[in-house]
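K.L.:
Residues in the sequence shown are numbered consecutively from 210, following the working numbering.
Every residue, glycine too, gets a C-beta built ideally from N, C-alpha and C.
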Amino acid sequence: MRILVTGATGWIGSALVPELLGAGHRVVGLSRSDAGAAALDSAGAEVVRGDLDDLELLSATAAQVDGVVHLAFKHDLAFGGDFPAAVAADRAAAAALAAPLKGTGRPLVIASGLAGHHSGTPVTEDDPPAADSPAADRMVTERDVLALASADVRSASVRLAPTVHGAGDTGFVSVLVETARRTGISGQVGDGSNHWPAVHVTDAARLFRLACESAPAGTVLHAAGEQGVPMREIAGAIGRGLDVPVREVQPEHFGHLSAFAALDVVALSDRTRALLGWQPEGPTLVEDIERHYTRATTAQPTS
210 MRILVTGATG WIGSALVPEL LGAGHRVVGL SRSDAGAAAL DSAGAEVVRG DLDDLELLSA
270 TAAQVDGVVH LAFKHDLAFG GDFPAAVAAD RAAAAALAAP LKGTGRPLVI ASGLAGHHSG
330 TPVTEDDPPA ADSPAADRMV TERDVLALAS ADVRSASVRL APTVHGAGDT GFVSVLVETA
390 RRTGISGQVG DGSNHWPAVH VTDAARLFRL ACESAPAGTV LHAAGEQGVP MREIAGAIGR
450 GLDVPVREVQ PEHFGHLSAF AALDVVALSD RTRALLGWQP EGPTLVEDIE RHYTRATTAQ
510 PTS
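#1: Around the C-beta of Gln459, are 16 or more other C-beta atoms found within 10 angstroms, so that it is buried, or is it exposed?
#2: Would Ala433 and Ser478 qualify as a contact pair, given that the criterion is a beta-carbon distance under 7 Å?
#3: Helix, strand or coil, according to DSSP, for Ala217 in the structure here?
#4: On the criterion of 16 or more Cβ atoms from any shown chain inside 10 Å, does His501 qualify as buried, or is it exposed?
#5: Along the chain, which unbroken stretches of the alpha helix (DSSP H) at least 4 residues long are found entirely within the stretch 241-295?
#6: Quick one: what's got a C-beta closer than 6 Å to Pro331's C-beta in the same chain, skipping five residues either side?
#7: Kindly give me the distance between the Cβ atoms of Leu357 and Ser366, rounded to whole angstroms, as I take these residues to be in contact under 8 Å.
#8: For Ala370 and Pro406, I'd like the C-alpha separation in whole angstroms.
#9: Within 10 angstroms of its Cβ, does Pro425 collect 16 or more other Cβ (buried), or is it exposed?
#10: Specify the secondary structure class of Arg315 as computed by DSSP and reduced to three states.
#11: Assuming Arg347 contacts Gly401 (C-beta within less than 8 Å), just tell me the rounded distance between them.
#12: Just verifying my parser: in three-state terms, what is the DSSP assignment at Val495?
#13: So the alpha helix (DSSP H) Pro227 belongs to, where does it begin and stop?
#14: Taking only the alpha-carbon atoms, compute the straight-line gap between Gly219 and Leu451 and give it to the nearest angstrom.
#15: Measure the C-alpha to C-alpha separation of Arg504 and Ala295 and round it to an integer number of angstroms.
#16: Report the partner residues of Ser211 according to the DSSP bridge assignment.
#17: List the endpoints of the continuous beta strand (DSSP E) containing Glu457.
#18: I need the straight-line Cα distance from Thr511 to Asp285, nearest angstrom please.
#19: Report the rounded CA-to-CA distance for Leu225 versus Thr411, giving the unit in angstroms.
#20: Using a threshold of 7 Å, state whether the C-beta atoms of Asp336 and His404 are closer than that.
#21: Please state whether DSSP places Glu422 in a helix, a strand or coil.
#22: Residues in the same chain with beta-carbon distance under 7 Å from Ala271, minus the five sequence neighbours each way, listed in chain order, please.
#23: Do you know offhand how far Val362's Cα is from Val455's?
#24: Evaluate Gly377 with the Cβ neighbour count: other Cβ atoms within 10 Å of its Cβ, from every protein chain shown; 16 or more gives buried, anything less gives exposed.
#25: Taking 7 Å as the cut-off, decide whether the C-beta atoms of Thr409 and Gly491 are in contact.
This is how it looks when you write it as structure tokens:
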């Protein structure tokens, strides 16, 4: 297959491109920068220069490929305080990518999230997000895309764990590490009994490939290698790695992650594994924290 990947040089995209190429697919990567274009070219992918705002380009490129994986998201807007604008851009981009796929049976696989399911009760692929979740607004794109199954688009949504971890990550866990480094304590909200699902980045990339290859139309998939890691274990691993004490803190201690720090998310992925034969193989989150995250790092949002 010749597959268009948006966000191809982001955190997950950088793992997905070699995963697709290694499986014999051809990759067309969307890049908005010279550095991104050079990285894609070096990896062996074709390059299309543009961004999520160029809707005509997105549609024209999607019309020329056998499938689309949409990973890009405007994290700069989202973390800058305008989450609704980031969601609106994501929704428009998904619609532009979908338009030429209608009636073709070709795949459109998008990235969604599990942070919207925060009751602490184990959730399956059938469960909708909580309406009061800080990430619930983003799920409108998932609903749009899944509905395309009725238009003969082989649509699928991969709900990513809040922590997609691995060497080189500068996302959520790195923010926790940098906060601990700066404040001298590894914080947890309350007794740290709330959970975050986790998945290694290479396992997430493999799931996107499998979804593009064979997920049925209208499928929701859970990229959760670990269904829920207690926050006390995360805080403990960070504390050991930095040699700082673990302390109970208020959510505001974590800055722009305050809305996520107390989330209690337990996500099952049994159906995903059975449907596509997906078996996570990477290290656990705590293992990765001990190996990589407590070394010097600068945290920033990833795409």
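P.N.:
Judging by the given coordinates:
#1: Here residue 459 refers to the residue found at position 250 of the sequence shown. Exposed, by the Cβ-count rule.
#2: Sequence index remark: in the sequence shown, residue 433 carries index 224 (1-based). Sequence index remark: in the sequence shown, residue 478 carries index 269 (1-based). Cβ distance < 7 Å, so Ala433 and Ser478 count as in contact.
#3: Your numbering for residue 217 matches position 8 in the sequence shown. Here Ala217 sits in coil by DSSP.
#4: Indexing the sequence shown from 1 puts residue 501 at position 292. Burial call: buried.
#5: 243-252, 264-271, 284-288
#6: Here the question's residue 331 lines up with position 122 in the sequence shown. Val475, Leu477.
#7: Start at 1 with the first residue of the sequence shown, and residue 357 comes out as number 148. Start at 1 with the first residue of the sequence shown, and residue 366 comes out as number 157. About 11 Å separates the two Cβ atoms, so there is no contact after all.
#8: Stepping through the sequence shown from its first residue, residue 370 is reached at position 161. Stepping through the sequence shown from its first residue, residue 406 is reached at position 197. Cα-Cα distance, rounded: 5 Å.
#9: Counting from one through the sequence shown, the residue named residue 425 turns up at place 216. That one is exposed.
#10: Along the sequence shown, one-based indexing puts residue 315 at 106. It is coil, neither helix nor strand.
#11: For this step, residue 347 is matched to residue 138 along the sequence shown. For this step, residue 401 is matched to residue 192 along the sequence shown. The pair is not a contact, with the Cβ atoms about 26 Å apart (cut-off 8 Å).
#12: The residue you call residue 495 lines up with position 286 of the sequence shown. In the structure shown, Val495 sits in a helix (DSSP, three-state: H, G or I).
#13: Start at 1 with the first residue of the sequence shown, and residue 227 comes out as number 18. Pro227 -> alpha helix (DSSP H) spans 222-231.
#14: Within the sequence shown, numbered from 1, the residue matching residue 219 stands at position 10. Within the sequence shown, numbered from 1, the residue matching residue 451 stands at position 242. Between Gly219 and Leu451, the C-alpha separation is close to 27 Å.
#15: The residue labelled residue 504 in the question sits at position 295 within the sequence shown. The residue labelled residue 295 in the question sits at position 86 within the sequence shown. The alpha-carbon atoms of Arg504 and Ala295 are separated by roughly 31 Å.
#16: The sequence position of residue 211 within the sequence shown is 2, counting from 1. The residue you asked about is not Ser; residue 211 is Arg in the sequence shown. Answer is Arg235, bridged to Arg211.
#17: For the purposes of this step, residue 457 is identified with residue 248 of the sequence shown, where counting begins at 1. First-last of the beta strand (DSSP E) with Glu457: 455-458.
#18: Taking the sequence shown and counting its residues from 1, the one referred to as residue 511 is at position 302. Taking the sequence shown and counting its residues from 1, the one referred to as residue 285 is at position 76. Its pLDDT being 40, under 50, Thr511 is placed unreliably by the model, and the measurement read from it follows with that caveat. Rounded to whole angstroms, Thr511 to Asp285 spans 9 Å at the Cα level.
#19: For this step, residue 225 is matched to residue 16 along the sequence shown. For this step, residue 411 is matched to residue 202 along the sequence shown. Approximately 8 Å, taken between the alpha carbons.
#20: Residue mapping note: residue 336 aligns to position 127 of the sequence shown, counting from 1. Residue mapping note: residue 404 aligns to position 195 of the sequence shown, counting from 1. No.
#21: The residue you call residue 422 lines up with position 213 of the sequence shown. The answer is helix: DSSP assigns Glu422 an H, G or I state.
#22: Residue numbering aside, residue 271 sits at position 62 when the sequence shown is read from its first letter. Answer for Ala271: Leu213, Val277, Leu306, Pro309, Leu310, listed in chain order.
#23: For the purposes of this step, residue 362 is taken as the residue at position 153 of the sequence shown. For the purposes of this step, residue 455 is taken as the residue at position 246 of the sequence shown. Roughly 48 Å between the two C-alpha positions.
#24: Locating residue 377 in the sequence shown gives position 168, counting from the first residue. The residue is exposed, with fewer than 16 neighbouring Cβ atoms inside 10 Å.
#25: The residue you call residue 409 lines up with position 200 of the sequence shown. The residue you call residue 491 lines up with position 282 of the sequence shown. Checking the displayed sequence, the identity of residue 409 turns out to be His instead of Thr. Yes.
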